[in-house]
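Peer 1: Same order as they appear, the protein sequences are chains A and B.
By our numbering, the letter at position 156 of the first sequence is numbered 156, and the numbering carries on one by one without gaps.
By our numbering, the letter at position 132 of the second sequence is numbered 132, and the numbering carries on one by one without gaps.
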Amino acid sequence: MMSVSGRGSALLRSSHRVCTQCARSATPRIIAARPSPAFQLAARRCYAAEAAAAAPSQPPPSTPPPVTTTTTTTTARPATAGDPSAYRIKSGVILTRPPLLTRDQTPFESAFYLYQKRLNERLTAPFRRPFYYKQDTALDLDFGIKLRERHGVPAKDIGRYNPRGRLGWNDELLVGSTTSDPAYVVDRLLADAEVRVSEDGEPIAPEERVPVEAPLQRRTAADETGDVRRLDRAMDRTLYLVVRREVEGGEAVWEFPAGQVPTEETLHKTARRVLEETAGVNMNTWFVGRVPVAHHMIKPVVAEDGASVVQRGEKIFFIKGRILAGQADLAGNKHGFTDFQWLTQEELEAVLPEKYFRSVRGMMDPR
Amino acid sequence: MSLSLSSFRGLASRFPARPTSVTAMATTAASPITQCLRALSTTASALAPLVPSKKPKKDTTKKAGRGAEVRDPKMINMLSHFAVLSPKRIPPPLRMGRNRHLRHWTIHRAWLLFRRREREARERTLMRQYQSMNNACEELRLTAGPGTRDEGYLYRVALEKKGIYGLYGVPIEYARAQTDTPAKVAWDHDWKR
């Protein structure tokens, strides 16, 4: 019997409850089969909540428990867990800023890339200068100067290595060499991009050369000052928006913006509304989907008799959003949040309550 | 099957395409009969032109051959470039000593290992994220509410696909690729709706 129910549970799980039309077609059959509709639903569905609700209130004395109820998930819950009013349903937003930059190269990667470039140099045909530069033009003279400075190596970023020379075999780096360093490569490329010969073929003096504009640094001022409210920090990481909520008679709590779902709303609508009410409208955001990516549960506080609920629990479902431009602004928010931060995963771990972080950790990317 | 094209080269030279003897006869003895024959012939184009006999004389006097023609220097450049690119002059495949090749093999295996670790880390992340979604959806499916809604209502709505796909399903800003260095204005903090 257990094996049968175990096999059938997958099918039953994707049963008529998923689709309303299927539910409509399936309901009359059930009612015809069994007299009590309240028990019917509990019997037909294999949901923990329904079964737990049905079991203590209306234990069926005559009929044995149907097969489907044995397939219910046996999660340990308080007796009142089946009561929908024991939980407050909330919808939260995990607003993330995707990484803007690629990740740093590992030393092994950069060394391997240089190794491959040199192997490629060994395998390709020699560079023919007159094919690419017309003789005695300004470009040709310019290239000649740079080629001389590179000791005759046509490639710009492989260091001093000539595959056709006497030391053509010697294409490996020595330990401690910085030739494969990405910073060194950028430096060499920039130096090569400088114009060394004027239009009429005269070499330009060093003080008159126009330096090429270097690419910007990967670390910004916000990184240096540790400004956690700016969005141009930690640009090769994902940033998450967290807000601070003041708790009466306790320490303030950092959390993701979340709000209760009213009857006429659904998760994604509430998430959108909460985000606008919390952080203002001046953010270009996009919600990745309507399906929650993580959830966090706070169990209700039950009185000692085990029946009445002293404090309702919470089920917070998180929708994932992306921010594409703009900045959060908590001025005049309706949820009483006092501060916000854009944090990486490690910083979140330090700031969020431990259980809360564990609940949402699964949706995060290591970057 | 082992015959290569080179074995046919001699053949081609032994049987030249143009019947030179015929043309020589035609030019030397340009009799009216041959003229008539030419006029009646349907294969006139297959015959050589009437004045080929002067060519060998020219070649013997100047001795310039093809060099006599004025060639575009660009063409010369290009031809010599192709000569460099010809398979004869491309360097041979890598030749390495034993220890060098062992080092190469080690580097190659290390790179494969690196790729494999990255790929597996990515797969683990995806699995973790999927499990997180799965758990959240399962909890949502077992949740009644909000308010008077029945069990699983939120789950059904969350799985609806209305308005998700289509022209404006994904914003164009989301197509921005990651770069090695940031833009001049790394982030637009002053964006207004």
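Idealized CB from N, CA, C, for every residue including glycine.
To the nearest angstrom, how far is the alpha carbon of Ser132/B from that of Gln178/B?
Peer 2: Their backbone Cα atoms lie some 26 Å apart in a straight line.
Peer 1: When we look at the beta-carbon of Gln116/A and count the other beta-carbons within 10 Å, is it buried (16 or more) or exposed?
Peer 2: Label assigned to Gln116/A: exposed.
Peer 1: Could you give the DSSP three-state label for Pro73/B: helix, strand or coil?
Peer 2: Here Pro73/B sits in helix by DSSP.
Peer 1: Any beta-carbon of chain B closer than 8 Å to the one on Lys299/A?
Peer 2: Not closer than 8 Å to any Cβ of chain B, the Cβ of Lys299/A fails to qualify, so no.
Peer 1: Out of Thr338/A, Lys134/A, Ser91/A, Asn120/A, which one is the CA nearest neighbour of Glu251/A?
Peer 2: Residue Thr338/A is the option with its Cα nearest to Glu251/A.
Peer 1: Give the residues from the stretch 286-315 of chain A that approach chain B closer than 8 Å (Cβ to any Cβ), ordered along the chain.
Peer 2: Within the stretch 286-315 of chain A, the residues whose Cβ lies closer than 8 Å to some Cβ of chain B are Trp286, Gly289, Arg290, Val291, Pro292, Val293, Ala294, His295, Met297, Lys315, listed in chain order.
Peer 1: So, is the C-beta of Asn284/A closer than 8 Å to a C-beta in chain B?
Peer 2: By this cut-off, Asn284/A is an interface position.
Peer 1: At the 8 Å Cβ level, is Pro146/B part of the contact set with chain A, yes or no?
Peer 2: Chain A, which has a Cβ nearer than 8 Å to the Cβ of Pro146/B, makes this yes.
Peer 1: Please classify Trp254/A as buried or exposed, where buried requires at least 16 neighbouring CB atoms within 10 angstroms.
Peer 2: It is buried - the Cβ of Trp254/A has at least 16 other Cβ atoms within 10 Å.
Peer 1: With a cut-off of 8 Å on the beta carbons, I'd call Glu160/B and Arg272/A a contact; round off their distance for me.
Peer 2: So it is not a contact: roughly 15 Å between Cβ atoms.
Peer 1: Exposed or buried, Met235/A, counting other C-beta atoms within 10 Å across all chains shown (16 or more means buried)?
Peer 2: Its Cβ being crowded by 16 or more others within 10 Å, Met235/A is buried.
Peer 1: Would you mind telling me which residues of chain A sit closer than 7 Å to His81/B, beta carbon to beta carbon, in chain order?
Peer 2: By Cβ distance, chain A contributes Arg128, Phe131.
Peer 1: Quick one: using the 10 Å Cβ neighbour count with 16 as the cut-off for buried, is Glu265/A buried or exposed?
Peer 2: Classification for Glu265/A: buried.
Peer 1: I want to see whether chain A comes within less than 8 Å of Asp72/B, judged by CB atoms only; does it?
Peer 2: Chain A, which has no Cβ nearer than 8 Å to the Cβ of Asp72/B, makes this no.
Peer 1: Using only alpha-carbon positions, find the residue among Ile298/A, Arg196/A, Leu275/A, Lys156/A that is nearest to Gly313/A.
Peer 2: Gly313/A has its Cα closest to that of Ile298/A, out of Ile298/A, Arg196/A, Leu275/A, Lys156/A.
Peer 1: Using a Cβ-Cβ cutoff of 8 Å, what residues of the stretch 114-141 of chain B are near chain A? List them in chain order.
Peer 2: For the stretch 114-141 of chain B, which is checked against every Cβ of chain A, the residues closer than 8 Å are Phe114, Ala121, Thr125, Arg128, Gln129, Gln131, Ser132, Met133, Asn135, Ala136, Cys137, Glu139, Leu140, Arg141.
Peer 1: Could you tell me whether the Cβ atoms of Ile323/A and Gly92/A are closer together than 8 Å?
Peer 2: Contact flag unset, no.
Peer 1: Could you name the residues of chain A that Thr194/B contacts, counting a contact when the two beta carbons are closer than 8 Å?
Peer 2: Any property of residue 194/B remains undetermined from this structure, which presents chain B solely from 1 to 193.
Peer 1: Compare the beta carbon distance of Leu362/A and Gln129/B with 8 Å and say whether it is the shorter of the two.
Peer 2: The sequence shown places Gly at residue 362/A, rather than the Leu named in the question. Yes. Within cutoff.
Peer 1: For chain A, find out if any of its Cβ atoms is closer than 8 Å to the Cβ of Asn77/B; answer yes or no.
Peer 2: Yes, Asn77/B counts as interfacial toward chain A.
Peer 1: Smallest Cα separation from Asp142/A: which of Asp192/A, Thr96/A, His151/A, Arg103/A?
Peer 2: Of the candidates Asp192/A, Thr96/A, His151/A, Arg103/A, the one whose C-alpha sits nearest the C-alpha of Asp142/A is Asp192/A.
Peer 1: Is the beta carbon of Val195/A less than 8 Å from the beta carbon of Val210/A?
Peer 2: Against a cut-off of 8 Å, the Cβ pair of Val210/A and Val195/A comes out as a contact.
Peer 1: Going by CA-CA distance only, name the one from His108/B, Pro146/B, Tyr174/B, Glu173/B that's closest to Thr263/A.
Peer 2: Closest by alpha carbon: Pro146/B.
Peer 1: Please report the Cβ distance between Glu151/B and Ala144/B, rounded to the nearest whole angstrom; I am assuming they are in contact, meaning their Cβ atoms lie under 8 Å.
Peer 2: Contact holds; Cβ gap of about 4 Å.
Peer 1: Could you tell me the distance, in whole angstroms, from the CA atom of His108/B to the CA atom of Ala183/A?
Peer 2: Using only the alpha carbons, I get a separation of about 24 Å.
Peer 1: Check whether chain A comes within 8 Å of Ala158/B, counting only Cβ atoms and requiring the distance to be less than that.
Peer 2: Judged by the 8 Å Cβ criterion, Ala158/B is in contact with chain A.
Peer 1: May I ask which residues mark the beginning and end of the beta strand (DSSP E) holding Gly259/A?
Peer 2: 258-260 is the extent of the beta strand (DSSP E) around Gly259/A.
Peer 1: Determine, using beta carbons only, whether Tyr115/A comes closer than 8 Å to chain B.
Peer 2: Yes, because at least one Cβ of chain B sits closer than 8 Å to the Cβ of Tyr115/A.
Peer 1: Does DSSP put Ala307/A in a helix, a strand or coil?
Peer 2: Coil at Ala307/A, not helix or strand.
Peer 1: By how many angstroms is the C-alpha of Val197/A removed from the C-alpha of Asp188/B?
Peer 2: Whole-angstrom Cα-Cα distance: 39 Å.
Peer 1: Thinking just about the alpha-carbon of each residue, which of Glu276/A, Arg128/A, Val242/A is nearest to the one in Gly372/A?
Peer 2: There is simply no residue 372/A to check, as chain A begins at 1 and stops at 367 in what is shown.
Peer 1: Tell me where the beta strand (DSSP E) around Gln129/B begins and ends.
Peer 2: No beta strand (DSSP E) contains Gln129/B, which is instead part of the alpha helix (DSSP H) from 98-141.
Peer 1: Buried or exposed: Glu118/B, going by 16 or more other Cβ atoms within 10 Å of its Cβ?
Peer 2: Exposed: under 16 other Cβ atoms inside 10 Å.
Peer 1: What span of residues does the alpha helix (DSSP H) with Tyr356/A cover, start to end?
Peer 2: 354-361 is the span of the alpha helix (DSSP H), which, as asked, contains Tyr356/A.
Peer 1: Along the stretch 314-333 of chain A, what residues have a CB closer than 8 Å to any CB found in chain B?
Peer 2: Within the stretch 314-333 of chain A, the residues whose Cβ lies closer than 8 Å to some Cβ of chain B are Lys315, Phe317, Phe318, Arg322, Leu324, Ala325, Gly326, Gln327, listed in chain order.
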